[in-house]
Each structure stands twice: as structure tokens, then as C-alpha cells.
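Protein chains: 4
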Amino acid sequence: MALRVAVAGASGYAGGEVLRLLLGHPEVEIGALTGGSNAGTRLGALQPHLIPLADRVLEPTTPEVLADHDVVFLALPHGQSAAVAEALGQNVLVVDCGADFRLRAAADWEQFYGSAHAGTWPYGLPELPGHRTALKGVNRIAVPGCYPTAVSLALFPAYAAQLAEPEAVIVAASGTSGAGKAAKTHLLGSEVMGSVSAYGVGGVHRHTPEMSQNLTPLAGEPVTVSFTPTLVPMPRGILATCSAKARPGVTGESLRAAYAEAFAGEPFVHLLPEGHWPQTSSVYGSNAALVQVALDETAGRIVAISAIDNLVKGTAGGAVQSMNIALGLPEELGLPVNGVAP
Amino acid sequence: MALRVAVAGASGYAGGEVLRLLLGHPEVEIGALTGGSNAGTRLGALQPHLIPLADRVLEPTTPEVLADHDVVFLALPHGQSAAVAEALGQNVLVVDCGADFRLRAAADWEQFYGSAHAGTWPYGLPELPGHRTALKGVNRIAVPGCYPTAVSLALFPAYAAQLAEPEAVIVAASGTSGAGKAAKTHLLGSEVMGSVSAYGVGGVHRHTPEMSQNLTPLAGEPVTVSFTPTLVPMPRGILATCSAKARPGVTGESLRAAYAEAFAGEPFVHLLPEGHWPQTSSVYGSNAALVQVALDETAGRIVAISAIDNLVKGTAGGAVQSMNIALGLPEELGLPVNGVAP
Amino acid sequence: MALRVAVAGASGYAGGEVLRLLLGHPEVEIGALTGGSNAGTRLGALQPHLIPLADRVLEPTTPEVLADHDVVFLALPHGQSAAVAEALGQNVLVVDCGADFRLRAAADWEQFYGSAHAGTWPYGLPELPGHRTALKGVNRIAVPGCYPTAVSLALFPAYAAQLAEPEAVIVAASGTSGAGKAAKTHLLGSEVMGSVSAYGVGGVHRHTPEMSQNLTPLAGEPVTVSFTPTLVPMPRGILATCSAKARPGVTGESLRAAYAEAFAGEPFVHLLPEGHWPQTSSVYGSNAALVQVALDETAGRIVAISAIDNLVKGTAGGAVQSMNIALGLPEELGLPVNGVAP
Amino acid sequence: MALRVAVAGASGYAGGEVLRLLLGHPEVEIGALTGGSNAGTRLGALQPHLIPLADRVLEPTTPEVLADHDVVFLALPHGQSAAVAEALGQNVLVVDCGADFRLRAAADWEQFYGSAHAGTWPYGLPELPGHRTALKGVNRIAVPGCYPTAVSLALFPAYAAQLAEPEAVIVAASGTSGAGKAAKTHLLGSEVMGSVSAYGVGGVHRHTPEMSQNLTPLAGEPVTVSFTPTLVPMPRGILATCSAKARPGVTGESLRAAYAEAFAGEPFVHLLPEGHWPQTSSVYGSNAALVQVALDETAGRIVAISAIDNLVKGTAGGAVQSMNIALGLPEELGLPVNGVAP
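Here it is in C-alpha cells:
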């Protein structure tokens with residue numbers, strides 16, 4: 001019998017992508033779709049690419065509408081998930097695509113989001129050591145941020161194998177959908193096409209503490225992260241260039257072996273053959289992550305690069321993958337692995 | 001038991017897209033993959049987005065390699081399909097993504113392609129009146145050109161209902177993958193980004209006679225086509241703007257009714273609600289076609305606009321859809337209908 | 001002594017482009033810059049590419065601020081120009097980049113804009129027969145719409161030489177800056193990149209009557225225009241594909257001769273050599289227009305294609321060119337002719 | 001009397017951009033234009049945006065053709081400049097846009113270029129301390145690489161003021177024109193649009209030693225550089241994200257003061273106001289560089305970001321600026337400072 005699944009926030013980019021994936025998931029029946037200011041609107045007017053759902057009408061995001069589902073995906077603005085989740089019973093699997101339940105340290109939350117900490121839910125990045133097991137059977141999942149997903153996949157093997165010094169320097173390029181669907185002048189096509197820009201520079205981007213949180217337990221000491229996000233002219237995709245000083249004795253071979261071992265058997269994370277470097281088009285629309293790593297012997301640094309689709313592996317795909325694990329379904333169910341390229 | 005399917009020309013854009021779709025087709029097992037100058041190369045180096053096939057190595061395009069398959073897709077340069085097809089038995093379904101067997105009039109072929117006419121195969125546009133039935137059980141399929149697919153879907157209802165005068169004016173915008181993967185200076189990213197250009201202007205584009213061939217039988221008199229293709233800065237997608245003078249007495253209502261009837265029950269072609277116009281992103285990576293039509297009462301013209309993905313409905317998706325029909329499989333099997341947007 | 005020039009609406013795309021050109025104009029001193037809701041803001045925060053003006057602060061758009069200038073450019077939302085212009089004396093040259101004073105027929109204005117007709121000013125398209133002379137010494141100029149500029153340049157030679165039937169079919173592709181700088185969801189980079197869309201289809205786009213108005217006097221009979229605009233993923237540029245049935249006896253040679261004669265001596269409009277077709281990148285940032293024409297003998301149609309930069313020749317460049325003529329300055333002063341390519 | 005200037009390699013992107021700038025330079029008369037395999041071709045077919053030069057025909061790159069000019073710009077493939085320069089007299093100013101004469105250490109050249117070192121010419125980055133003076137009156141100029149230009153401008157103030165530790169980590173995003181005009185599959189529009197990729201990772205990019213060479217003398221100790229270039233979907237522009245550990249005692253104020261002082265009076269390099277970060281569209285087509293810097297106190301790193309147009313300040317603009325200095329002309333002559341945006 002199919003799972004009945006609701007999506008709260010179905011008019012945005014994250015909610016739309018959750019729906020695109022659910023439409024291809026064989027165990028799912030799509031239930032209520034809700035919106036904020038868009039309640040009452042045909043989905044076809046908001047998400048014209050979701051053709052089978054074009055005649056669905058968005059309902060308001062209320063506990064009544066969301067009740068009576070097996071799974072509820074939340075794709076809401078930051079700060080709104082806790083109230084909605086509270087009203088749903090413990091027999092409902094709630095998957096939060098927002099930030100509200102990602103950070104463990106209340107101080108981090110308060111510093112970067114400026115409000116009271118809502119709590120911490122099981123973290124939906126199954127590839128991180130220990131996390132796949134921890135997701136089995138849970139009824140609450142915090143989907144990782146898109147940048148932390150890309151960065152953690154690129155760097156965790158180096159830290160898990162004690163190959164890297166605990167100061168990571170990360171520059172990531174993101175497509176514009178990562179900035180959301182709210183109409184803002186600086187996100188207009190006229191502004192972003194033909195242009196790359198930096199933002200959130202100098203340690204102030206909200207995803208920074210989440211990266212440290214993921215890497216520190218593996219390193220066994222606090223990992224500081226210098227993170228610079230940049231916006232590039234494409235709708236989707238993240239390319240994360242991550243580096244850290246190599247610990248003494250690290251060789252190209254030991255580095256490569258650590259990555260190969262870390263990703264062995266992973267259905268969605270792939271270490272590229274030597275000499276090949278990731279491009280985001282290879283994972284366009286796909287839940288895959290491509291990773292490559294090199295040792296720069298002159299600079300003494302490990303350089304690891306990952307490519308993901310920010311809306312799939314970075315949001316909706318990670319969410320569905322974690323849902324599959326939580327519910328005991330095959331982990332890959334309904335998740336595309338091939339990119340739509342060129 | 002799965003169908004064993006080979007793809008000749010697996011290194012190009014059409015071949016790659018056939019493979020992307022076949023990887024999601026539940027009745028297919030991917031057999032031989034061949035290339036010309038790329039024989040001997042890992043597919044991962046040529047099509048890095050086809051992750052499950054990354055370690056496959058291209059074989060040369062020979063009858064021996066292609067024999068022993070149930071279906072062979074040909075994605076070869078124009079003029080090469082006939083020789084390959086001849087060497088394959090009549091028990092093999094051969095689906096030609098090239099132009100060689102599309103045109104019925106040898107004179108058209110000779111004028112536009114400058115070589116001897118190879119013949120005509122059943123035409124893989126099932127939505128065209130009469131064509132779905134004609135495809136059942138065939139062992140040879142000529143996949144339509146990408147532009148003729150977009151244009152025929154936009155205009156056939158008007159001609160089939162005798163609403164339009166037999167002189168069509170068409171301007172179509174295509175993404176760059178329609179021009180293929182051969183390295184040419186004018187197709188470099190530096191040249192095409194930020195730029196729209198016209199080419200093949202004045203009745204010389206090779207797809208022009210194929211459009212007339214599709215529309216003329218429905219109109220009951222020769223339909224002349226003025227066709228201007230333009231290249232726009234995106235990897236995929238065609239938006240075809242098609243117009244013709246309205247016959248006397250045509251109203252907006254009669255026009256809309258004709259289109260609604262023509263597309264009723266079609267799994268992949270959708271008439272948009274009034275006031276909505278197609279955008280190619282809605283069908284990115286999908287086999288769907290979106291169509292809208294209006295009557296310009298001042299100019300006295302019917303204006304019909306269609307959006308397709310040139311590599312899916314315009315090539316590989318049309319090919320797989322026709323294969324499904326020919327083999328008696330469900331027509332929609334393995335074919336995505338949702339676009340990858342934004 | 002330098003002309004003192006004000007720009008009302010300096011925070012938008014048209015106003016910004018007027019300023020970019022004026023910064024390179026040797027006879028101009030930039031005076032007051034005004035904005036609506038942006039009054040009080042540093043220009044550097046709104047137009048970061050206008051580096052020498054970064055520390056200028058926008059003033060409110062009032063008669064007091066705009067008084068005491070030799071020339072005032074208006075780059076305001078439709079309907080606001082008349083009130084501002086009225087408050088400026090007849091010794092001030094007012095150049096309106098908006099639509100308010102373009103249309104001669106009040107009925108056209110009322111039908112397409114839904115408000116009372118403000119009047120008609122001399123029309124700033126000097127290449128149109130008779131218009132250059134008519135601009136000399138005027139103190140009010142209505143800058144043409146971007147689409148009518150591209151279309152009129154492509155078609156006027158055919159109509160002036162009586163070569164074309166009076167029913168034109170036009171499909172134009174425009175970069176997104178033509179839609180302005182107001183933040184709207186459908187203009188987000190995430191929405192427009194990788195996508196082409198149609199809008200204003202079926203004779204309802206506001207620029208349609210302006211095209212008829214320009215061509216009809218040359219044809220000597222009413223020219224109806226079927227106009228379809230499309231939005232393509234680039235910041236600037238228009239490619240207009242224009243066609244009309246050829247009158248009996250028209251040959252490729254007579255057609256080409258008419259265009260060569262029409263553009264002879266024009267500083268900014270260039271007929272390409274045979275076999276070359278325009279691309280918008282060639283005129284990126286430039287006041288040039290590139291035109292090509294062909295006779296499609298099978299379809300019996302003249303096909304003329306023009307490329308302009310919608311913000312330069314289509315708005316700000318046409319405005320400065322007309323200002324130069326009105327003031328008796330060299331027509332080309334301060335206007336770039338080379339495109340910024342690739 | 002105008003300077004007579006020749007351009008060798010006029011068919012490529014660097015040569016085309018040199019010509020675009022020279023067409024706006026009031027002291028220059030454009031002389032011979034040469035090409036390799038394109039000799040004999042109309043420039044209009046190769047550089048359709050250089051409208052006033054459309055009818056010029058490329059000549060072969062020989063000493064006879066290039067003789068009798070006051071200035072010769074070389075925009076040739078690496079390794080070809082030395083032979084051409086040798087054949088030109090010492091009374092000719094030769095400006096080499098290629099790499100041949102940039103590196104001082106023969107070992108660096110041999111390691112990264114794999115051939116014999118041709119020598120070292122005065123280095124055309126006038127903003128680097130001491131370099132402006134050193135360019136006066138020279139007759140040979142090595143134009144810096146595009147990445148080293150962006151990186152050196154972003155980091156030299158920190159090193160000159162002894163604020164940064166000598167290990168720099170740099171990730172730069174470049175538009176595709178930086179990869180040149182040779183037709184290569186991975187540079188096709190279909191491949192680069194919608195995609196970001198990394199290349200030359202791990203210390204192997206040829207511009208790496210040039211960065212160290214520029215920064216080391218200012219730091220007073222060897223500066224190692226970890227450099228990762230990425231290719232982004234836009235025709236031009238570089239955004240360089242550069243960081244280094246801050247030396248003890250560095251504050252945000254001392255950092256900002258050092259940058260303000262370093263760029264004071266510079267005509268082309270601008271420190272943005274606090275809180276603003278550079279975007280490449282602001283310098284599209286312009287010789288300006290925009291820089292911003294911040295101190296990440298948590299990570300203990302200085303983060304400096306610069307935006308340039310790789311073809312202007314990064315190549316042709318830097319070349320013309322250096323020519324102006326060498327010849328005693330005003331440094332800004334003929335060089336646009338405003339970007340073409342949006």
C-alpha cells in the first residue's frame with residue numbers, strides 16, 4: 001500500500017523538487033500540497049514542469065490539512081518548521097528541508113539565525129560515518145543544507161582518515177535556485193547572467209557552523225572552516241572546492257585510498273578516476289555526488305572538489321533518500337542517478 | 001525477459017540521451033555501445049552524467065557488434081544509417097535518430113541533402129493522425145527531426161480541422177545541443193552565451209520539407225513553410241512560434257476546441273490553460289510537449305506555440321516512445337513527463 | 001561649454017544605460033540623477049558598474065531637481081513622463097525613453113495602454129525616411145520602443161521600395177533587461193536561464209501598433225503586424241525575424257539593392273555581406289544594428305533579420321543619437337559602434 | 001601624429017579585444033592585422049563585432065608585415081612570441097599578451113611550460129608596487145596572465161603591509177573566453193552552459209608560479225600559492241577568492257586601511273565600500289578591478305575578492321594601459337572604466 005505523503009511549501013524550489021522526485025517514487029501517493037500566500041492557486045501556474053499535478057490546488061499550511069499522512073515534507077522558510085511539526089503526531093515521519101533542526105549547538109543557532117534554538121533532529125546525510133544507521137526508524141529528519149552536503153562529502157574522508165589539518169578553506173559556487181524563489185532584484189536574470197558574485201564572505205554564512213559540526217567529530221579536534229559562497233549563472237548545481245593542509249606523511253596514494261574506501265559501496269557518491277574533475281552538469285537533476293581529490297605537494301594541501309545538484313542531493317534528493325532509510329525502503333528508490341546533460 | 005538494446009553513436013548528444021532514457025526503462029538491458037573515432041574510450045570520459053555506464057568502453061560501429069540485439073538505436077551522422085541497417089536482420093527493430101529515412105519524396109532528399117535517397121521508414125511521431133496505429137509492429141522507425149516535431153505538434157490540429165491557410169510562417173528557437181557535439185568555433189560557449197543568432201534562413205534548412213510533408217496530407221493541399229531557425233543560449237529546448245492565416249469564420253473558440261480535441265488523451269502533448277504560454281524549462285529533460293494557441297484577430301492569423309526538449313521529445317524520447325509502440329509495450333514506459341526545473 | 005544633463009529614473013536599466021553612454025560623451029556634464037523609491041540611495045549600490053558615479057546620491061524626481069539642465073532624459077514608468085515634461089521649460093530638451101509620446105493615434109494608445117493619450121513627440125528613429133531631418137532642433141523626443149526599433153530597421157527598406165505585401169509576421173527574441181529591473185518571480189535568473197518563453201502573443205503586445213505606424217506610411221497602405229515576442233536567456237539584445245510576402249517580380253537582387261540603398265551612409269545600421277546572419281553578441285553594448293535579408297523563393301517571402309542591443313540602439317543609444325541630432329552635434333558622438341564580444 | 005599599431009593574432013579573443021580597445025584610443029591608427037591559419041580572411045567573418053574593421057583582411061604573421069609600426073601587440077599561442085619579437089627593432093614597442101616573457105625563474109618556465117625559457121620582459125601590472133615606474137620608456141612589455149592579475153590585485157596590499165602569512169589559498173572562477181577560441185568539445189556552449197567545472201587542480205595550473213613571483217617580493221619571504229581555477233558559464237570575467245591566515249594583531253580596521261592606502265589614486269582598481277562584494281558584471285568590458293576584503297575572525301583568515309574582465313584588465317586592457325605608460329601617454333587613455341551591465 002502506497003505511502004501517503006504531503007508537501008508543505010509546494011510552491012517553492014525545494015518543495016517543487018521534492019514533488020518531482022515523489023512523482024517518480026513507486027511507493028508514494030501524493031497527498032496534500034500546501035502553500036503560504038499561494039494557497040488557492042493551481043500548481044500548474046506555479047510549477048508548470050510538474051505536469052501530472054497541474055490541476056492540483058494549493059491548500060493552506062495547517063495541521064488539519066497535513067494530518068492523515070504517513071510522511072510530511074516541510075519546505076518552509078526558516079523558523080516555521082517547529083510549530084508545524086509539533087502539531088503532527090509521532091507516527092508521522094516529518095522531513096524538514098529547512099535549517100531549524102540541523103544545528104546541535106544552541107549557541108551556533110542563536111549566533112547565525114538570531115532566534116531561539118528549536119532543537120536537533122537526526123541528520124539526513126547517510127554517507128557521513130554512522131549516520132545511515134542512525135536514520136533507520138526515526139520519525140524526524142533534518143535535511144542538511146546544500147553547501148554542507150557538498151562540503152562534507154568532499155572533506156569527510158580526509159578527516160575521518162586523519163589526513164588533514166583542522167583548518168579547512170572552502171569556496172563554493174552555487175546556482176541561483178539555492179537563493180530561493182522570492183523575487184529579489186539581485187537575483188533577476190538580467191543581474192545574474194554573465195556574472196559571478198561573492199556573498200556572505202568572512203565567516204558569516206549560516207551554513208558555516210554546520211560544516212564544522214559535521215567534520216569535527218571525525219577529526220577528533222575542532223575543525224574551523226573558512227567558507228566563501230559565490231553565485232554563478234546557472235539554475236542549479238554546487239561545485240565546492242575544499243582544501244586543508246595535509247598532515248605530515250600524507251601521499252597522493254594514501255589520500256586516494258582513503259577516499260576510495262570512504263565511498264566504497266555508496267550508491268550516490270562517486271570518486272572520479274584520476275585526472276577527471278567534476279562538473280555540475282553531470283549531476284543536473286540527479287541525486288549523485290561526484291568527488292575528486294588531489295595532493296598539491298608544493299603548497300602542501302589536500303584539494304577535494306565535489307559536485308552536486310543543490311536541489312537534489314543538496315535538498316530534495318537527500319530528503320527522499322533519508323526517508324527511504326527511515327522507513328526501511330531500498331535507499332535508492334525513486335532517485336535518479338543520471339544527470340540531465342548536456 | 002529484458003530487451004537487449006544497442007546504441008550506435010553513443011558518444012554524441014542524441015546517443016547519450018537515448019542511453020539516459022534507456023537506463024530508466026524497466027524492460028531494457030543495455031547491450032553494445034558503439035562509436036566512430038571514440039571507439040575504445042570509456043563512456044565515463046565522454047558522457048560523465050551516465051554514471052552507471054561510466055566503465056563501459058565504446059566498440060566500433062560494425063554489424064558484428066550490433067548483431068544479437070532486439071533493438072538497435074542509430075544515432076549516426078546523416079548518410080550512415082542505411083548501410084548499418086541493411087546488415088541487421090528483419091527481426092531486429094532499428095530506430096534511426098538520423099534524417100536518412102524521414103523524407104518520402106526523393107527529390108526533397110536530393111535537394112536538401114545532396115545525395116541519393118535511401119528510402120522511407122515508418123515515421124515516429126505517434127501524435128500525428130494515423131501514425132500511432134501505423135507504428136504498431138514495425139521493425140524500422142525513422143525518428144522525426146527536432147524542429148519538425150515541435151512544429152507539427154503546434155500546427156497539425158489547425159490543419160487537420162481545416163482552420164488554417166496553407167502558408168505557414170515558423171520561427172523556432174533552439175538550444176545548442178541541436179547543433180551536435182562536434183567542436184566548432186561558432187558553437188563555443190564564449191560565442192553562444194549572451195547571444196541569439198539566425199541560421200539556415202530563407203528556406204534552406206533541411207527540416208523544412210519534413211514540415212510540409214507532415215502538414216500537407218492534413219490540409220488536403222500543399223502547405224508551404226517559411227522556416228527560420230535561431231540558436232539561443234541554452235543547452236536544450238525548442239520553442240516554435242508558428243502562424244498561418246486563419247480561414248474565414250475561424251473563432252478563438254473553434255480554434256481552441258480543435259486543439260483540445262486533437263490532444264485529448266495524449267500522454268505527452270498538453271494544451272495549456274488559456275492565458276498561459278509555454279516555456280522550454282517546463283519540459284527540460286522530459287518527453288512532454290506544451291502547446292498553446294491564439295487567434296490574432298487584427299492580423300487574422302492563428303498563432304500556435306510549442307515547447308519541447310529537442311533531445312527528448314525531439315529525438316531520444318520520441319525514439320523510445322515509438323519503440324514502445326512498435327513492440328507493444330505501454331507507450332509511456334521509461335519516459336519522464338516532468339521537466340527538471342528550475 | 002558642456003551640456004548639463006539630468007537623468008530621471010537613474011536606478012533602472014534604461015536610466016543606467018543612458019548614464020553609461022553619457023559618461024563617454026565628450027560634450028556632456030552629468031547633472032541631477034533622480035529616482036522614485038530609490039531617492040536617497042548611493043548610485044554605487046544600484047548601478048555598481050558606473051564606477052565614476054558610485055558616490056552620487058539619487059534625488060527625488062521633482063521639477064526643482066530637474067530644472068536648470070540643458071537636457072533631461074526621462075526613464076520613468078509609463079504614464080509619468082507627461083507631468084514631468086510639462087514642468088520643464090521649452091528651452092530644455094526632454095528625451096523620453098518611455099512610451100508616452102510614441103503613438104500618434106489616440107485610439108491605439110487607449111487600446112493598448114488603457115489610459116488617456118498624452119500626445120505625440122518627434123520620433124527618435126533617424127534612419128526611418130524623413131525622420132533625421134525632422135529631429136533637427138526639436139526640444140522633445142519620443143525614443144522608440146526596443147522592438148519597434150529592431151523591426152522597423154529590418155523591414156522599412158522592403159516597404160519603402162514597395163517590395164513587400166502589407167502583412168508582416170514578426171517573431172522577436174529579447175534579452176531579459178527589456179522586461180525591466182522590477183523584481184518579479186518569472187524574471188528570476190533561476191526561471192529564465194536555460195529557458196525560452198513566449199509572452200504577449202496574439203496581437204496584444206503594446207509595441208505592435210508602433211510597428212504598423214512606422215511601416216504604413218512607407219507602404220502607402222495599412223501594414224498589419226503579427227508580432228510575437230519571446231524572452232531568451234541573456235541580459236541584453238534583440239533578434240527580430242521579420243517576414244512578409246514578396247510582391248510579384250521581386251528578386252533577390254532587387255531586394256538586396258533596396259536594403260543596400262536604404263542603409264548607405266548610415267553610421268549605425270549595417271547590411272551584412274551575403275551569407276552572413278546577425279547575432280546579438282556583435283552589437284552587445286553598441287549602438288549598431290546589423291541587418292540581413294533573403295528571399296525565400298519557395299515560400300514567396302522576404303525574410304529580414306536585425307540584431308540590436310535593446311538597451312543601446314533600442315533605448316539609450318537611440319536616445320543619445322537623437323539628442324545629438326536635435327542639438328546639432330555630430331550624430332555619432334559618444335556612441336560605441338563596436339560590440340563587446342565574445 | 002597617431003601611433004601606428006599592428007596586432008599579431010587578430011582573430012583570437014585577446015587580439016580581438018586589443019582591437020576593440022584600440023578603436024577607441026584617440027592616439028592610435030590601426031595598422032597591420034595578422035593571423036595564422038586565418039590569414040586571407042575578412043576580419044568581419046572572424047570578429048563580427050568590430051564593425052569598422054569588417055572589411056580588413058588578415059595578413060600572415062611575418063616580420064615584413066609587422067615592420068614599420070610604432071607598437072606591435074602579440075596575441076599568439078605560447079612559444080611563438082620570441083621569434084617574432086626578435087625580428088622587430090628596438091625602436092618598436094612590443095607588447096606580448098602571451099606567457100613567454102612573464103616568468104623570471106627559468107626553472108618555473110621549464111616546469112610549467114616544458115620548453116626553454118625565452119627570457120623576462122618588464123611586467124605590465126602597474127598597480128603592483130614599483131611596477132608603474134619601471135614601465136616608463138620600455139620597449140618590451142610582458143602582459144600578466146589573467147588569473148595573476150586578479151589574484152595579485154586582491155592580495156598584494158595584505159602582503160605589502162605584512163598582514164598575511166605566506167600561504168595563500170585561491171579559488172578563481174573564470175568565464176570561458178579565458179580558454180581561448182580554439183574549437184574544443186569541452187568548451188562547447190552545450191557543455192559549459194548550466195555547469196561549473198574545476199580544472200588544473202592541485203598546483204599544476206601554469207599561472208601559479210606567476211602569482212608567487214608577484215607576491216613573494218612584497219612578503220619578504222616565499223609565498224606558496226594553492227590555486228584552483230574553475231570554469232563558469234559566462235563569456236568573460238574572473239572572480240578570484242583569495243585567502244591567507246592573518247598575522248597576529250591584524251584587525252579589520254588595519255586590514256581595510258592597508259587596502260585603502262594601496263589603491264589610493266589608482267584609476268582602475270577600486271576598493272568597494274564595506275558590506276559590498278564584487279560581481280563580474282560590474283566590470284564587463286571595462287578595465288576596472290573591484291576589490292573587497294574582510295577578516296574572518298573565527299577562522300583567522302584574511303579573505304580578499306577581486307573581479308576583473310579577463311579580456312580587459314586581465315589581458316588587452318592591461319596591455320593598453322602598460323603601452324600608455326611606456327609611451328608617456330595618459331595612463332587611462334582609450335580605456336573604459338564603466339562596465340556594460342546588466
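Residue numbers (full-length UniProt numbering), protein chains in the order written: chain A, 1 to 342; chain B, 1 to 342; chain C, 1 to 342; chain D, 1 to 342. All residues carry an ideal CB built from backbone N, CA and C; glycine is no exception. Predicted model, so just to flag it, every value in this text is computed and none were measured.
{"Query": "How close, in whole Å, do the beta carbons of leucine 215 of chain C and tyrosine 159 of chain C come, if the pair is a contact with beta carbons under 8 Å?", "Result": "5 Å"}
{"Query": "With DSSP as the reference, label histidine 186 of chain B as helix, strand or coil.", "Result": "helix"}
{"Query": "Mind pulling the chain C residues with CB within less than 7 Å of serine 177 of chain D?", "Result": "Pro342"}
{"Query": "Would you list the one or two residues that DSSP bridges to glutamate 29 of chain A?", "Result": "A/Arg4"}
{"Query": "In whole angstroms, what is the alpha-carbon distance linking proline 217 of chain D and proline 273 of chain D?", "Result": "29 Å"}
{"Query": "Would you say arginine 256 of chain A reaches chain B, if we count a Cβ-Cβ gap shorter than 8 Å as a contact?", "Result": "no"}
{"Query": "Measure the alpha-carbon distance for arginine 4 of chain B versus glycine 334 of chain B and round it to whole angstroms.", "Result": "15 Å"}
{"Query": "Taking one C-beta from the stretch 4-15 of chain D and one from the stretch 65-75 of chain D each time, how about it: are there three or more such pairs within less than 8 Å?", "Result": "yes"}
{"Query": "Tell me which same chain residues have a C-beta within less than 6 Å of the C-beta of threonine 241 of chain A, skipping the five on either side of it?", "Result": "Val171, Ile305"}
{"Query": "With contact counted as at least three CB pairs below 8 Å, one residue from each stretch, are the stretch 176-184 of chain B and the stretch 126-144 of chain B in contact?", "Result": "no"}
{"Query": "Where does aspartate 100 of chain B fall in DSSP's three states?", "Result": "coil"}
{"Query": "In or out: asparagine 91 of chain D buried (at least 16 other Cβ within 10 Å) or exposed?", "Result": "exposed"}
{"Query": "Who are the neighbours of tyrosine 13 of chain A on chain C, taking C-beta pairs under 8 Å?", "Result": "Ser190"}
{"Query": "Assuming threonine 298 of chain B contacts threonine 224 of chain C under a Cβ cut-off of 8 Å, what Cβ separation, rounded to an integer in Å, is found between them?", "Result": "6 Å"}
{"Query": "For glycine 314 of chain B versus alanine 150 of chain B, is the C-beta spacing smaller than 8 Å?", "Result": "yes"}
{"Query": "Any heavy atom of the ligand FMN closer than 7 Å to the CB of isoleucine 302 of chain A?", "Result": "With respect to the ligand FMN, the structure offers nothing, as it holds no ligand at all."}
{"Query": "DSSP has glutamate 229 of chain D in a bridge; who is on the other side?", "Result": "Note that residue 229 of chain D is proline in the sequence shown, not glutamate. DSSP output for proline 229 of chain D lists D/Ala172 as bridge partner(s)."}
{"Query": "Is threonine 251 of chain C helix, strand or coil when you go by DSSP?", "Result": "coil"}
{"Query": "Go through its chain and collect everything with a Cβ distance to tyrosine 259 of chain A's Cβ below 6 Å, but skip five positions before and after it.", "Result": "Pro157, Leu271, Val293"}
{"Query": "Distance check for isoleucine 302 of chain A and glycine 203 of chain D, CA to CA, integer angstroms please.", "Result": "10 Å"}
{"Query": "Looking only at its own chain, which residues have a Cβ that is under 7 Å from the Cβ of glycine 124 of chain A, when we skip the five neighbours before and after it?", "Result": "Leu135, Ile141, Ala142, Val143, Pro144, Gly318, Ala319, Ser322"}
{"Query": "Taking only the alpha-carbon atoms, compute the straight-line gap between valine 340 of chain A and alanine 288 of chain A and give it to the nearest angstrom.", "Result": "12 Å"}
{"Query": "Measure the Cβ-Cβ separation of valine 65 of chain B and isoleucine 51 of chain A and say whether it is below 8 Å.", "Result": "no"}
{"Query": "Can you name, in chain order, every residue of its own chain whose Cβ lies under 8 Å from the Cβ of glutamate 27 of chain B, other than the five neighbours on each side?", "Result": "Ala2, Leu3, Leu329, Leu333, Gly334"}
{"Query": "Which residues, in order along the stretch 291-315 of chain A, keep a beta-carbon less than 8 Å from a beta-carbon of chain C?", "Result": "none"}
{"Query": "Pop quiz: proline 233 of chain D and glycine 189 of chain B are said to be a contact at Cβ under 8 Å. What is the actual Cβ separation, rounded to whole angstroms?", "Result": "7 Å"}
{"Query": "I want to see whether chain B comes within less than 8 Å of glycine 36 of chain D, judged by CB atoms only; does it?", "Result": "no"}
{"Query": "May I ask you to report which of helix, strand or coil DSSP gives aspartate 309 of chain A?", "Result": "coil"}
{"Query": "Kindly identify the DSSP beta-bridge partner or partners of leucine 290 of chain A.", "Result": "A/His270, A/Ala307"}
{"Query": "Take glutamate 221 of chain C as the anchor and find which of C/Asp68, C/Gly137, C/Glu165, C/Ala106 has the nearest alpha-carbon.", "Result": "C/Glu165"}
{"Query": "What three-state label does DSSP hand valine 143 of chain A in the structure shown?", "Result": "coil"}
{"Query": "I'd like the span of the beta strand (DSSP E) that includes isoleucine 238 of chain C, first residue to last.", "Result": "238-246"}
{"Query": "What does proline 235 of chain D reach in chain B if we use C-beta pairs closer than 7 Å?", "Result": "Ser190, Met193, Gly194"}
{"Query": "Within 10 angstroms of its Cβ, does threonine 133 of chain D collect 16 or more other Cβ (buried), or is it exposed?", "Result": "exposed"}
{"Query": "Of the residues C/Pro122, C/Val192, C/Glu86, C/Leu88, which one's Cα is nearest the Cα of leucine 103 of chain C?", "Result": "C/Pro122"}
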